[in-house]
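Here the protein sequences line up with chains P, E and R, keeping their order.
Take 4 as the starting number for the first sequence in our numbering and just add one per residue.
Take 18 as the starting number for the second sequence in our numbering and just add one per residue.
Take 7 as the starting number for the third sequence in our numbering and just add one per residue.
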Amino acid sequence: MTNKVLLKGNIAIAKAALESGCSCYFGYPITPQSEIGEFLSSEMPKRGLGYVCAESEIAAINMALGGTATGTKVLVSSSSCAVALMQEALSYAASDELPIVLVNVMRAGPGQGYIYPSQGDYNQAVTGGGNGDYHTIVLSPASVQECADFTQKAFYLAQKYRNPVILLVDGLLGQMAEGVEINTNPYQEIDNSSWRLDGNKDRTSRKIHSLEPNETALNKHIVEMHKKYRYIEENEVQCEEYMLDDADIILTAFGSLSRHAKAVCNYYREQGVKMGVFRPITLYPFPKKRLSELSLQAKQIIDIEMNMGQMLKDVQLSVLSNAQISFVGKPVGSWLKKEEIINIIDNIIKGGVNAGI
Amino acid sequence: MQVFNVPKSIKKDCTFTFCAGCDHGVAIKLVAQVIDELNIQDRTLAIASSGCSVLLYNVLDVDCIESPHGRGCAVATGAKRAFSANGKDNIVFTYQGDGDFASIGLAESMHSALRGEKITAICINNTNYGMTGGQMGPTSVLNQVTTTSPMGRNEQYHGFPIKTAEQIALCDGTCFSARVALYDYKNIINAKSAIKKAFEYQIKGLGFSFVEILSSCPTNWKLSPQDSHTRIKEELSKIYPVKVFKEK
Amino acid sequence: MSHIKINEAKCKSCYLCIDACPKKLIQKSDNIGSMAQYTVEFNDTKNQCLGCAICAMVCPDMAIEEVVNDK
């Protein structure tokens with residue numbers, strides 16, 4: 004018997020965070036992720052944990068800097084335009100190597116945009132929205148179950164690699180209810196006693212800082228960070244492959260849109276077209292190596308996104324063959340329907356036209 | 018009898034890298050003495066901020082994290098809440114300049130005070146942006162000449178300076194707010210007792226405690242260390258009165 | 007005998023201690039310090055030091071590292 008319950012993605016994330024041993028939540032309301040903070044505002048005080056409804060997203064993410072520095076697991080959640088406000092501290096966290104877990108339940112931009120769903124923050128999350136030469140690990144769930152599972156994974160990876168992790172959630176997943184089982188945290192606890200700031204009782208005092216006036220030291224620090232990123236790429240890259248064994252047309256999609264891609268794939272398989280779906284789960288590091296291998300057998304690669312082609316660049320960089328790369332996308336609003344996608348793909352297959360929306 | 022030696026909470030053999038005559042060194046010494054006297058060195062977390070005040074972490078022998086510019090009180094809030102969530106009674110304090118605390122970080126500072134966060138904030142007010150070369154700051158007084166108010170701060174053109182300790186005292190979550198100065202021995206001793214009180218208030222868990230320290234910036238004021246102290250005594254302390262504004 | 011210990015390497019020649027000493031026992035030395043100016047020295051031939059530690063408290067660089075009060 005499973006303990007499946009019907010939950011919104013936002014609530015699943017909050018519950019999974021508690022299950023991961025998260026002791027503090029800092030946030031500021033913004034649609035479509037407010038339920039995370041609302042849920043935790045009643046749960047955290049009951050458990051003697053920390054909850055602050057911060058005065059701004061800037062304050063919230065900086066509280067996370069302080070909280071994680073003490074070795075405590077901290078969750079911060081927000082949405083697109085407000086995640087933009089957090090980029091300064093995220094850049095600090097990357098340099099300070101602090102394991103902040105940040106949930107971005109995406110809405111539409113740029114600017115204020117609207118609360119329509121969108122996947123417009125791929126670049127913000129993957130290429131780093133803050134200053135300097137850094138990366139955050141980015142996980143992309145496609146279901147409410149994965150919202151919960153990846154939240155737990157996010158805490159684990161953040162602690163393991165001392166690096167901020169972003170859970171990049173489609174707005175509709177945050178708001179959509181699905182059957183989900185909140186599992187006991189499957190990951191081992193990471194010992195952080197070698198770096199946390201909890202008082203210099205039996206050791207020399209420590210400092211966590213990103214300011215580094217020494218040129219050699221700063222170079223060394225950034226090179227070390229990038230060695231870590233390469234290690235993460237070798238060990239933690241995750242992707243989902245659907246009917247790819249003999250596929251000569253590969254659809255690429257991330258997040259919940261990959262479910263539409265699978266439906267499209269099923270349709271074409273019935274027509275006898277050898278199609279498959281490649282879905283990156285870690286958006287950073289991008290599963291480049293695997294897509295490169297797969298691209299060697301493919302004639303066509305069609306990238307589908309709810310934006311104007313942000314992951315497309317990573318797809319293009321991965322493809323090593325002469326396979327034709329096309330893009331199907333739409334910036335905001337109702338997710339591209341199966342039929343809409345099929346219409347465009349029909350054109351692409353027929354005429355090889357690099358179709359837009 | 019030894020009546021003075023380098024505080025235990027100052028790192029061995031470190032050299033202060035502030036300009037000659039800068040009061041930052043005195044302020045850090047007082048903080049270190051207070052940490053020693055309260056016997057909290059092994060459970061204190063210092064939040065250093067951007068500007069000259071960041072150099073605190075090179076000299077103070079406690080755990081330390083550097084905060085983004087202005088966000089000291091938010092970082093301190095997160096750390097204190099995290100300690101508390103884990104049943105720890107660690108002491109958290111910020112060491113910020115006036116630009117950090119009262120300009121770019123005013124929202125974080127004031128809301129931490131309003132929430133009554135059980136942290137201590139120390140704000141070095143030297144009426145300009147020191148590290149960047151003496152630009153007009155939120156506390157630059159009227160008529161003060163800086164590199165960005167070359168004709169003097171004009172109330173019509175530049176607006177008015179902020180009286181930080183008074184503002185923080187108005188917040189209901191504040192349990193202690195004082196302004197002190199360091200221009201002579203008597204004031205230094207008073208400053209130390211205010212800093213000590215601020216830490217004691219945190220230890221008692223009574224709320225947000227705050228000390229604004231009127232400090233000299235001889236390099237950017239283009240005055241000798243002696244004349245800088247005279248300026249604080251005769252000019253600044255008339256505009257920024259040295260007193261305790263709130264004590265719960 | 008009350009006295010102080012000055013670490014000249016830390017002295018930045020601000021001379022705040024010279025003004026602060028109630029007995030005027032601190033003066034400029036003949037040594038050039040880190041700021042390319044004369045550092046200070048403690049000169050108490052008549053054993054007048056009060057051991058009050060005012061000099062150490064006003065020194066911004068903690069160059070006055072020790073004060074002993076034997077009164």
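Note that CB positions come from ideal geometry on N, CA and C, so glycine has one too.
Same chain, Cβ closer than 8 Å to residue i, five either side skipped, listed in chain order
{"i": "Y125/P", "result": "L171, F257, L286, E308, N310, Q313, M314"}
{"i": "V259/E", "result": "R196, V197, A198, N204, N207, L231"}
{"i": "K97/E", "result": "N107, V109, E134, K135, I136"}
{"i": "Q161/E", "result": "T144, N145, M153, G169, R170"}
Neighbourhood of residue i by C-beta, 6 Å cutoff - its chain only, sequence neighbours within 5 removed
{"i": "P167/E", "result": "none"}
{"i": "T94/E", "result": "S129, E134"}
{"i": "A26/R", "result": "I60, C61, V64"}
{"i": "C25/P", "result": "K76, L78"}
{"i": "D317/P", "result": "F289"}
{"i": "A358/P", "result": "Low confidence applies to A358/P: its pLDDT is 48, below 50, so where it sits in the model is not reliable, and the reading given next is rough at best. I347, N350, I351."}
Contact set between residue i and chain P, taken where Cβ atoms lie within less than 8 Å
{"i": "D80/E", "result": "L200, D201, G202, N203, S208, R209, K210"}
{"i": "N107/E", "result": "T73, D201, G202"}
{"i": "V51/E", "result": "The contacting residues do not exist; V51/E stays about 16 Å from chain P at best."}
Selected residue, minimal CA-CA separation from residue i, among the options
{"i": "A42/R", "options": "I60/R, I24/R, K16/R", "result": "K16/R"}
{"i": "E264/E", "options": "D244/E, L240/E, A211/E, S241/E", "result": "A211/E"}
{"i": "I185/E", "options": "C234/E, F225/E, C39/E", "result": "F225/E"}
{"i": "D288/P", "options": "S321/P, L260/P, D152/P, C27/P", "result": "In the sequence on display, residue 288/P carries Pro and not Asp. Taking only the C-alpha atoms, the option nearest P288/P is S321/P."}
{"i": "K105/E", "options": "V331/P, D349/P, L200/P, K341/P", "result": "L200/P"}
{"i": "T71/P", "options": "R165/P, A57/P, C150/P", "result": "R165/P"}
{"i": "G114/E", "options": "V92/E, M148/E, F100/E", "result": "M148/E"}
{"i": "Y44/R", "options": "H9/R, K18/R, V73/R, K11/R", "result": "K18/R"}
{"i": "P28/R", "options": "S35/R, V73/R, C58/R, V74/R", "result": "C58/R"}
{"i": "E83/E", "options": "V86/P, V147/P, A92/P, I39/P", "result": "A92/P"}
{"i": "K180/E", "options": "L47/E, L253/E, Y202/E", "result": "L253/E"}
Contact test: residue i Cβ vs the ligand SAM heavy atom, cutoff 7 Å
{"i": "A250/P", "result": "Judged by which ligands are present, the structure shown has none, so any question about the ligand SAM falls away."}
Extent of the continuous alpha helix (DSSP H) to which residue i belongs
{"i": "S66/E", "result": "No alpha helix (DSSP H) contains S66/E, which DSSP labels as neither H nor E."}
{"i": "F216/E", "result": "202 to 221"}
{"i": "F153/P", "result": "147 to 164"}
{"i": "A67/P", "result": "60 to 72"}
{"i": "Q303/P", "result": "That residue, Q303/P, is in no alpha helix (DSSP H); its beta strand (DSSP E) goes 303 to 308."}
{"i": "V267/E", "result": "Any answer about residue 267/E is impossible in this case: the structure gives chain E only from 18 up to 265."}
{"i": "S295/P", "result": "291 to 298"}
{"i": "A119/E", "result": "Taken as a continuous stretch (DSSP letters only), A119/E belongs to no alpha helix (DSSP H), as it is neither H nor E."}
{"i": "N238/P", "result": "218 to 239"}
{"i": "I82/E", "result": "Looking at the DSSP string, I82/E is not in any alpha helix (DSSP H); the run it does join, the beta strand (DSSP E), is 80 to 83."}
Residues near residue i in its chain [Cβ-Cβ closer than 7 Å; skip 5 each side]
{"i": "R132/E", "result": "G190"}
{"i": "A49/E", "result": "P24, S26, I27, L77"}
{"i": "M7/R", "result": "N53, D76"}
{"i": "L240/E", "result": "R248"}
{"i": "M47/P", "result": "Y28, G53, Y54"}
{"i": "G42/E", "result": "F33, F35"}
{"i": "L297/P", "result": "L247, I253, F281"}
Span of the beta strand (DSSP E), counted from its first residue to its last, around residue i
{"i": "V106/P", "result": "104 to 108"}
{"i": "P283/P", "result": "278 to 283"}
{"i": "S226/E", "result": "225 to 231"}
{"i": "A111/P", "result": "Here A111/P belongs to no beta strand (DSSP E), and DSSP marks it neither H nor E."}
Nearest-angstrom beta carbon gap, residue j and residue i [assumed within contact, 8 Å]
{"i": "L73/E", "j": "I45/E", "result": "6 Å"}
{"i": "P120/P", "j": "L175/P", "result": "5 Å"}
{"i": "G279/P", "j": "A250/P", "result": "3 Å"}
{"i": "L31/R", "j": "N49/R", "result": "6 Å"}
{"i": "I193/P", "j": "K163/P", "result": "5 Å"}
{"i": "S98/P", "j": "G135/P", "result": "7 Å"}
{"i": "V108/P", "j": "Q36/P", "result": "4 Å"}
Per-residue contacts from residue i into chain R (C-beta, under 8 Å)
{"i": "Y202/E", "result": "A26, I60, M63, V64"}
{"i": "I27/E", "result": "M68"}
{"i": "F35/E", "result": "P66, D67"}
Neighbouring residues, chain E, relative to residue i (Cβ below 9 Å)
{"i": "L68/P", "result": "I82, S84, P85, R88, A91, V92, G95, A96"}
{"i": "F29/P", "result": "A91, T94, G95, R98"}
{"i": "D50/R", "result": "Per Cβ cutoff of 9 Å: no residues; D50/R is ~15 Å from chain E at best."}
{"i": "D36/R", "result": "None at all; the shortest Cβ gap to chain E is about 19 Å."}
Under 7 Å from the C-beta of residue i: neighbouring residues of chain E
{"i": "E71/R", "result": "N22, V23"}
Contacts of residue i in chain P (Cβ-Cβ under 7 Å)
{"i": "D59/E", "result": "G202, N203, K204"}
{"i": "N142/E", "result": "Under the 7 Å cutoff, chain P gives no residues; its nearest Cβ is about 22 Å from N142/E."}
{"i": "V71/E", "result": "L214"}
Chain-ordered chain P contacts of residue i [CB-CB under 9 Å]
{"i": "S226/E", "result": "By Cβ distance, chain P contributes nothing, its closest Cβ being about 17 Å from S226/E, past 9 Å."}
Closer than 7 Å at the beta carbon, the chain R residues around residue i
{"i": "C234/E", "result": "In chain order: nothing, as chain R lies at least about 12 Å away."}
{"i": "K46/E", "result": "M68"}
Interface residues of chain E facing residue i [CB-CB closer than 8 Å]
{"i": "K16/R", "result": "T32, F33"}
Residue i: contacting residues in chain R (beta-carbon distance under 9 Å)
{"i": "I205/E", "result": "I60, M63, V64"}
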